[in-house]
Every structure is written in C-alpha cells, then in structure tokens.
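Going line by line, the protein sequences match chains A and B. Quick note on my numbering: the first sequence kicks off at 12 and runs consecutively. Quick note on my numbering: the second sequence kicks off at 5 and runs consecutively.
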Amino acid sequence: MATTTALSSAPQAKTPAPAKHRPDKNYRRRQRWGWVFVAPFAAIFLTFLILPLVYAFRMSLFTSTLATGTKFVGADNYLKAFSDPIFLQGLATVAKFALIMIPAQMLIALLAALVLDNLATWASKFSRLMIFVPYAVPVVIGALMWGFLYSPRFGPAGSIFGIFGLAAPEFLAQDSIFGSLVNIVTWQWAGYYMIIIYAALRGIDPGIYEAAVLDGASDRQIAWRIKVPMISSSLVMVVIFALIGTLQFFTEPQVLRGVAQGAIPTSYTPNMYAFSLAFSYSQFNYASAISFALGIVVFVFSFLFLFLTRKQSGLK
Amino acid sequence: MKAKFLASAGIVAATAVVLTGCSGGNGSGGGGDSAAASCTNTIVNAEAPQVTVWAWYPAFNDVVDNFNNSNSDVQICWTNAGQGNDEYTKFSTSIESGSGAPDVIQLESEVLASFTIRDALVDLTEFGANDVKDQYAEGAWEDASSGEAVYAIPVDGGPMGMLYRQDIFDAAGIKVPTTWKEFEAAAQKLKESGNGAVIADFPTNGRAFNQALFAQAGSVPFEYDSVNPQEIGIKVNDQGAKDVLEYWDGLVKKGLVATDDAFTADYNTKLVDGSYAVYLAAAWGPGYLQGLSDADPDAVWRAAPLPQWDAAKPVHVNWGGSTFAVTKQAKDKKLAAKVAMGIFGNKEGMNLGVDKGALFPSYAPVLDSKEFANKKYEFFGGQQINKDVFLKAAAGYQGATFSPFQNYAYDQLTVQLYSMVQGEKDAGKALDDLQASLEQYATEQGFTLK
C-alpha cells in the first residue's frame, strides 16, 4: 500500500498545475484526504470557537434584566457599551498598560536577545533558559506567586528593606498596584518575546556581520544599524502579540484581586468587567456585548498598528 | 485505498464522539443514576435514587454518610463546588444554560433573593416545609422565606459576638468593652501601650460583616418581597448606617484599627498571631480561627458579647448563615425537598455538624438542647461560649432582608468603603454614593423604586 501511494503521488508533485483546469481522479482523491486531515481541527475550531462566537453575538443583541425578562434590542447594548463610563474607564486602564508595559517588555526582550546573540559560551545557553523559564510558569500560578511575594507579611520585601531600616513599599496599595501588575507581566512575557527575537537574529546570514566588520562597524553599530532593522518584521509581530494580550488583560489582575479587592475593583479591565457582569451579576447579554465591543477595539488597534508598520513588517 | 479512507473517517468520527461526550458529561447533574461516578462520598445503597447536593460545610462528608446510612429510599451524591461566590458563579451559569445545576444546593440566606428572582428555586411549602417550621430558629426561618413561600431550609446561623485576646487585654490593662464607646477607649489604650497590636480590623471587603455592623444601629438597607418582585426599596444610607460608618471612619483616621482586606492569607495570619486583639466574629468564627496556622502559641482567647451602642437596649445581629434550597432543575423535587429537610434536620446530622464542623445550628432540637448550651470549648479555655455569648445573640435576631442583587450591592459597598479609608471621601458621602449607584442599577435592571 505504502509504495503504491508513494509512486502515485510522486509525479503529481512535479505537475500540480493541470488539476485546476480539469480535476482528475487523483486530484479529487487528494482533496478528499486534505479534508479528512483538516477535519479534527475544523470540528474543534467550529465547536469551541465559531459556534460560541455566533451564540455570544446573538446574545449580545438581546437584553435581559432581573425584573423584566428578555427582549430583542438590536445594537442597543453596543451603544450602551461605548457610552458606559465603566467600560471606557477600563479601556483607558488597559491603554495605559499598553503604553508602559509593551515598551518595557520589548526593550528587555530586545536587549537580552542582542546580548545573548553575541555570546557563545555556556553562560549564554544558561541565561537564555533562565530568562525563558517564567513563560513556562502558568499565568495563574505566576500571579499567585507574585501575590505572595508582594504580601507585606509573607513577601521578602519586608526583610530586605528592613536591613536598611526602611519600611517596605506596599505593593498592593492603590497607588502601586499598576506598577506591580506591569512587573508581573513583564517578568512573564519578556522571556518569550526574547526567544522570538533571538530566533530571528539567528536567522541572519553571519556573512553580513563580517562585511560590516570589514567596513569598520563597531559591535554597537552592528546591533542597532544591522541586526535591529533586519529583524523588524519579528519586532512588529512581538508588538502585535503584546498589544492584543494587553488589551485583553485579565488573568493577573483577576488573581491579584484576591489579595487586593479595594485596589482592583471588579471592573478594572474590560475583560474583568465582562466576566463579573456575566458570572457575578448574571447580565450575560450585556457581558456578551462588552466582549464584542472589546473585540472591535482590539481589531481596530491591531489593524491600525499593522497598517502603520506595513513597511517594517514586510506586508507591503 | 478505500479501506484506509473509511478507517480515517472512522477515527475522526470517534474523536468527535469522544469530544462531544466530554462536553456533555459535565453538564448532566440531573440526579439520575449516571451521576454516581462523580460523587465525593460513597453511595451506601446503590439501588436507591440519588439526589445531587452542592455544599461546602466543613466535615460534611460525615454528615452525608450519616444520611445515606439511615435512608434506604434516597441517597445523597455530594460535590463541593466551591465556597460562597465560587459556587454561586457555577450555579448562576447553570441557571442561564438550563442544565448542570444540582438538585439541592447550599446557599447563604443573603443570596436567596438573588436566585428566587431568576426563578431558580422551588417553593418548598408544597413539599411540607411548613410542617417543620417550628423546628427552626425564628430569625433563620424568616431569612429563608419570603411572604408565604419558603425557598430554603435553614442550616446554620451567624449570630455575632466578640472574640478577644485576654492576654493582650491584660498586658495593656484593658477591661472587656461592652459598648462601642468603651471599645474606642480600649483601642486608644492599646495603641498607647505600645504593644504594636491594633484592637481590630475594619476590612473594606467585609461585605456581610460591614452590613451587620450597620444593622446593629438600626439600618435597614433593603425592602424587598418576592411577592412583588419588581419593587424594591433601597436605603443603604440611612442614619443607622451613617452613624456606624462615621464611628469606624474615626477609628481608621486615628489609626486605632487596621483596614486590611479580609479573607486573605495575610489577614488569616494576623487574626491569630496577635496583630489584632479582637476578632469581631459570627458564631462560625471560632471554628474558622481554629483552622488557621501560624497562631501565637501563648494566645488566650475568650468570647464576649458584641459591644452595644446603647447598653440598656442591646441589639443583636447576624453575619452569614446558610441554608439548603431545591433548584428548579431538580428531577424529583419531592425527593430533593426530603433531602434538603433531612440532611441536618435530625439530631445525629446536626450534632455532627456542630461537633466536627463547628456550625451554629438553626435546628431547634439541637440549638435549644442543654448539651449545646453547656458545651465547653477547649480553644477558649473551657469557656461555654454558646451560653455566654452566641445563644443570647441568636435569640434576639429577627431576620433581615437582602436585595435580589446582593453580590452587586456588596461589590459597590467595597468600592465605597475603600475610597473612604483612602481618605477620598467621608462616611456620609461614601454611603450617599453607594445609594446613588444602587438606585441607578436597580432602575437599569427594571425595578421600580419604592
């Protein structure tokens, strides 16, 4: 069987073109096999992503209040969402996170990748692994862990600051919670972005560096003038990942809320707002609308960013 | 080739079946025999029909075993679906999806209205609930019913008292305060003693705790009756609440109390390591304290009645307390009602709950028994805390009314209290803002304000 398959498909690979004009038997069979291989994925994709999306969208077109029941309202929920001060406040919060957190992660990831790219000792492999390790920690566990590290009682800050006779900062207070969250996310994701950038750096032809050295370029010049421009498409991709992740910010503040309920209200980010609307206040319809509204915002921002960086990412 | 194709198709189909099988499996909690595999407890009588129960009582396994051993016509299949809000979230989702709810569910009395308005609970009067009415404490029964309807069977209550550290009080020369005025003086004295402890914590996320303190000064935040489910009276900023909150705001500003979040690991440790000299607690508090680690080994705990506003006219309040309700999704509602009434509705079951789970019973035959009143608690140096404190507090409790969106109300209360202790607004403004936000929410949800 195996040999027959190999023989029959070999000539096909050389001449794929005629299939378009006159679908022959072989081509149709291959088509069928393609569908079979795609089917398991397609089934899961449809059941767990597309269908829930359609269902949620349908829900978002209705309204249901505690006292009066369900009725169809069309786009009303969306109009309400985009004029809901709590939702807009949440959007402002994640925008602030995006402005601080994404540059911070990018800078750390890029610097680490550039340094590691230049080193060729065992220390580089070890450091690479160590920087990546936080990404291997599940997000919830990472956030729980940091919750304890920030705790005035169980965390190390008290004893460290105590050595110098200082009072430890309150990481979970209203004024510092923002920085504490930025720190958790950066710790977790910088390593992952570093690996992406590092892989892109390894893909550059070393001959280019040799040419640069012959032309008298210093290490720093090579890094900023040659390496960074050459991996710009990877950088764009990293920013897109970070942007989408940040706008949907949920897990870390939700977990940290367990130890800082005052500083992190239930509507801290748009996703947290949708979550509490649905599962704490049983407003599933409005929660669906909020989720889709957030989806629209994420789409618009991602699209805008890709459009503005179309040169760097090689899309143009 | 054809055989191979069919084989692959078969695999795909099988995968699909397995996948849908998984997703369907979680949803079926309908009380059929198929649920047997997911029970936490062992089923004694395999032939009898089963009733699924969600509950988080401590030592509940023993109570379930007791029930299953003494009933041959019905068996409990118990799952711990999380404590408080965790469980309510799951229940709420299964109400929305129309499947997946248990037959019988543990609910705190404060959330009953939130679920009756969604038509999720069965009125138990037609299954004989009124026949057992006189077996339960009056206030607790009041909390579980609305008008003529009875939506749940009370299990345990939370009359409030004051647990304090005798050793810290003695070292600072403090007498046990009986009024809130004395409480403030004691707090001041403790601060001046330089012991480093504060008298108590005033958590901004105390929710029912904060509300209970307000109620002691006569605050009645909600007027609601499921007979007229679309009408609600909201008065969270009445004079009682304002007086109490101004008092606590004063203590916070003078640095006499802590404002740590409750129910965190930090808070749990501070409760028992001497950071707070007093734990303003419900009757389930002693059980909670004993379960905490890192306790001060030399601690001497005693219990006293909650301080009063007017010592001549003592007012008793309740914090927490839970019930068993039957859900509309229950297949055999009569059987489910039998279970809801029977789990703790007998001396053996309730005694197990009292002895092993440190519950404060609403079931009168145990509540009124000599054994319960005279029970000595080793944790309190042999003090008879029920007789000294909690039974008196429970006897004076008349019941309370909660809103049908209590979770939202509590979340907003936390927002306002946090803002107050951050110094952004005073007590009066915090409660006025709370009132405004709840009125707006109620209107949005289609209620008419009384």
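Every residue gets a Cβ at the ideal spot worked out from N, C-alpha and C, and that includes glycine.
(message) For the pair the segment 114-132 of chain A and the segment 144-161 of chain A, tell me if three or more CB-CB distances fall below 8 Å.
(response) Segments in contact, no.
(request) Name the two residues that bound the continuous beta strand (DSSP E) containing residue 3/B. (result) Nothing about residue 3/B can be read from this structure; chain B reaches only from 5 to 454.
(request) Entirely within the segment 242-276 of chain B and at least 4 residues each: give me those alpha helix (DSSP H) ranges in chain order. (result) Counting only runs of 4+ residues, the alpha helix (DSSP H) found wholly inside the segment 242-276 of chain B occupies 243-257, 269-276, in chain order.
(request) Quick one: residues in its chain with C-beta nearer than 7 Å to the C-beta of residue 315/B, no 5 flanking neighbours on either side, listed in chain order? (result) Here residue 315/B corresponds to residue number 311 of the second sequence, with the count starting at 1. The answer, listed in chain order, is 182, 183.
(message) Is residue 415/B close to chain A? Criterion is C-beta to C-beta, closer than 8 Å.
(response) Counting from one through the second sequence, the residue named residue 415/B turns up at place 411. Interface residue, yes.
(request) Under 7 Å Cβ to Cβ from residue 118/B, same chain only, skipping five residues before and after it: list those, please. (result) Translated into positions along the second sequence, residue 118/B becomes position 114. The residues 408, 409, 410, 411, in chain order, have a CB closer than 7 Å to that of residue 118/B in the same chain once the five nearest residues on each side in sequence are set aside.
(message) Quick check on the DSSP output: the beta strand (DSSP E) that includes residue 157/B runs from which residue to which?
(response) By one-based count along the second sequence, residue 157/B stands at place 153. From DSSP, the beta strand (DSSP E) with residue 157/B extends over 157-169.
(message) Would residue 76/B and residue 50/B be called neighbours here (beta carbons separated by less than 8 Å)?
(response) Locating residue 76/B in the second sequence gives position 72, counting from the first residue. Locating residue 50/B in the second sequence gives position 46, counting from the first residue. No, these two residues do not count as a Cβ contact at 8 Å.
(message) Just to make sure I have the definition right: I need the residues of chain B whose C-beta is within less than 8 Å of the C-beta of residue 292/A. Which are they?
(response) Along the first sequence, read from residue 1 onward, the residue named residue 292/A stands at position 281. Against chain B, a Cβ distance below 8 Å from residue 292/A picks out 409, 411, 412.
(request) Return the Cβ separation of residue 108/A and residue 290/A in integer angstroms, given the expectation that the two are a contact with Cβ distance under 8 Å. (result) In the first sequence, the residue the question calls residue 108/A occupies position 97. In the first sequence, the residue the question calls residue 290/A occupies position 279. Distance from residue 108/A to residue 290/A at the Cβ level is roughly 23 Å; contact not present, criterion being Cβ atoms closer than 8 Å.
(message) Taking the beta carbon of residue 232/B as the centre, do at least 16 other beta carbons fall within 10 Å, making it buried, or is it exposed?
(response) Along the second sequence, read from residue 1 onward, the residue named residue 232/B stands at position 228. Its Cβ having fewer than 16 others within 10 Å, residue 232/B is exposed.
(message) If distances are taken between C-alpha atoms only, which option among 266/B, 390/B, 244/B, 240/B comes closest to residue 416/B?
(response) If you number the second sequence from 1, residue 416/B lands on position 412. The shortest Cα separation from residue 416/B among 266/B, 390/B, 244/B, 240/B belongs to 240/B.
(message) Can you tell me whether residue 315/A is buried or exposed? The criterion is at least 16 other CB atoms within 10 Å of its CB, across all chains shown.
(response) For the purposes of this step, residue 315/A is taken as residue 304 along the first sequence, with counting starting at 1. The residue is exposed, with fewer than 16 neighbouring Cβ atoms inside 10 Å.
(message) Can you tell me where the alpha helix (DSSP H) holding residue 303/A begins and where it ends?
(response) Within the first sequence, the letter at position 292 stands for residue 303/A. Membership of residue 303/A in the alpha helix (DSSP H) is indicated by the continuous run 295-319.
(message) So the candidates are 55/B, 424/B, 349/B; which of them puts its Cα closest to the Cα of residue 252/B?
(response) In the second sequence, counting from the first residue as 1, residue 252/B sits at position 248. The residue among 55/B, 424/B, 349/B with its C-alpha nearest the C-alpha of residue 252/B is 424/B.
(message) Just verifying my parser: in three-state terms, what is the DSSP assignment at residue 292/A?
(response) Your numbering for residue 292/A matches position 281 in the first sequence. Residue 292/A: coil per DSSP, three-state reduction.
(message) Please identify the residue among 281/B, 128/B, 387/B, 382/B whose C-alpha is closest to the C-alpha of residue 174/B.
(response) On the second sequence, residue 174/B is found 170 positions in, with the first residue counted as 1. Considering only alpha carbons, the answer is 281/B.
(message) Using DSSP's beta-bridge definition, name the partner residues of residue 127/A.
(response) Position 116 of the first sequence holds residue 127/A. Residue 127/A is not bridged to any residue.
(request) Could you tell me which of 134/B, 113/B, 311/B sits nearest to residue 185/B, measuring between CA atoms? (result) In the second sequence, counting from the first residue as 1, residue 185/B sits at position 181. Residue 311/B holds the alpha-carbon nearest to the alpha-carbon of residue 185/B among 134/B, 113/B, 311/B.
(message) DSSP has residue 302/B in a bridge; who is on the other side?
(response) Indexing the second sequence from 1 puts residue 302/B at position 298. DSSP lists no partner for residue 302/B.
(message) In the DSSP assignment, the beta strand (DSSP E) including residue 46/A goes from what residue to what residue?
(response) On the first sequence, residue 46/A is found 35 positions in, with the first residue counted as 1. Premise fails: residue 46/A lies in the alpha helix (DSSP H), 36-56, not in any beta strand (DSSP E).
(request) Tell me whether residue 288/B sits in a helix, a strand or coil according to DSSP, three-state version. (result) Within the second sequence, residue 288/B is the residue found at index 284, counting from 1. It is coil, neither helix nor strand.
(message) If we define contact as Cβ-Cβ less than 8 Å, is residue 164/A a contact residue for chain B?
(response) Against the first sequence, residue 164/A aligns to sequence position 153. Using beta-carbon distances, residue 164/A counts as an interface residue toward chain B, with a partner under 8 Å.
(request) Report the residues of the segment 98-123 of chain A with a CB closer than 7 Å to any CB of chain B, ordered along the chain. (result) The segment 98-123 of chain A vs chain B, Cβ under 7 Å: nothing.
(request) Return the Cβ separation of residue 303/A and residue 73/A in integer angstroms, given the expectation that the two are a contact with Cβ distance under 8 Å. (result) Against the first sequence, residue 303/A aligns to sequence position 292. Against the first sequence, residue 73/A aligns to sequence position 62. The pair is not a contact, with the Cβ atoms about 13 Å apart (cut-off 8 Å).
(request) Check each residue of the segment 256-280 of chain A: if its Cβ is closer than 8 Å to any Cβ of chain B, include it; give the result in chain order. (result) Cβ contacts with chain B: 269, 270, 271, 272, 273, 274, 276, 277.
(message) Please identify the residue among 130/B, 392/B, 122/B, 301/B whose C-alpha is closest to the C-alpha of residue 307/B.
(response) Here residue 307/B corresponds to residue number 303 of the second sequence, with the count starting at 1. Looking at the Cα atoms, 392/B is the closest of the given residues.
(request) Report all residues from its chain with a CB closer than 6 Å to the CB of residue 27/B; omit the five preceding and five following residues, and keep chain order. (result) The residue given as residue 27/B occupies position 23 in the second sequence. Note that residue 27/B scores 35 on pLDDT, short of 50, meaning its location in the model is unreliable; the coordinates nonetheless yield the value given after this. Closer than 6 Å at the Cβ level, and outside the excluded window around residue 27/B, lies no residue.
(request) Could you check the C-alpha separation between residue 100/A and residue 449/B for me, to the nearest Å? (result) Against the first sequence, residue 100/A aligns to sequence position 89. Against the second sequence, residue 449/B aligns to sequence position 445. If you take the alpha carbons of residue 100/A and residue 449/B, they lie about 22 Å apart.
(message) Taking a contact to mean a Cβ-Cβ separation below 8 Å, would you say residue 209/A touches residue 147/A in this structure?
(response) Against the first sequence, residue 209/A aligns to sequence position 198. Against the first sequence, residue 147/A aligns to sequence position 136. No, Cβ-Cβ distance for residue 209/A and residue 147/A is not below 8 Å.
(message) By the DSSP assignment, the alpha helix (DSSP H) with residue 173/A in it spans what residues?
(response) Numbered from its first residue, the first sequence carries residue 173/A at position 162. Element bounds for residue 173/A: 168-174.
(request) At 9 Å on the CB atoms, spell out the chain A contacts of residue 114/B, in chain order. (result) As a first step, residue 114/B is located in the second sequence; it is residue number 110 there, counting from the start. What residue 114/B touches in chain A: nothing, since even the nearest Cβ is about 14 Å away.
(request) Hey, could you find the ends of the alpha helix (DSSP H) residue 313/B is sitting in? (result) Sequence index remark: in the second sequence, residue 313/B carries index 309 (1-based). Unbroken run through residue 313/B: none, as it is neither H nor E.
(message) Please give the ranges of any beta strand (DSSP E) in the segment 71-130 of chain A, keeping only runs that are unbroken, at least 3 residues long and fully inside the region.
(response) Annotation note: the segment 71-130 of chain A contains the following uninterrupted beta strand (DSSP E) runs of length 3 or greater, listed N- to C-terminal: 73-76, 80-83.
(request) Output the boundary residues of the beta strand (DSSP E) element that contains residue 235/A. (result) The count along the first sequence starts at 1 and reaches residue 235/A at position 224. Per DSSP, residue 235/A is not a residue of any beta strand (DSSP E), being assigned neither H nor E.
(request) Note down, in chain order, each residue of its chain lying with its Cβ closer than 6 Å to the Cβ of residue 439/B, except the 5 sequence neighbours on either side. (result) Reading the second sequence from its first residue, position 435 is the one you call residue 439/B. These residues qualify, in order along the chain: 240, 241.
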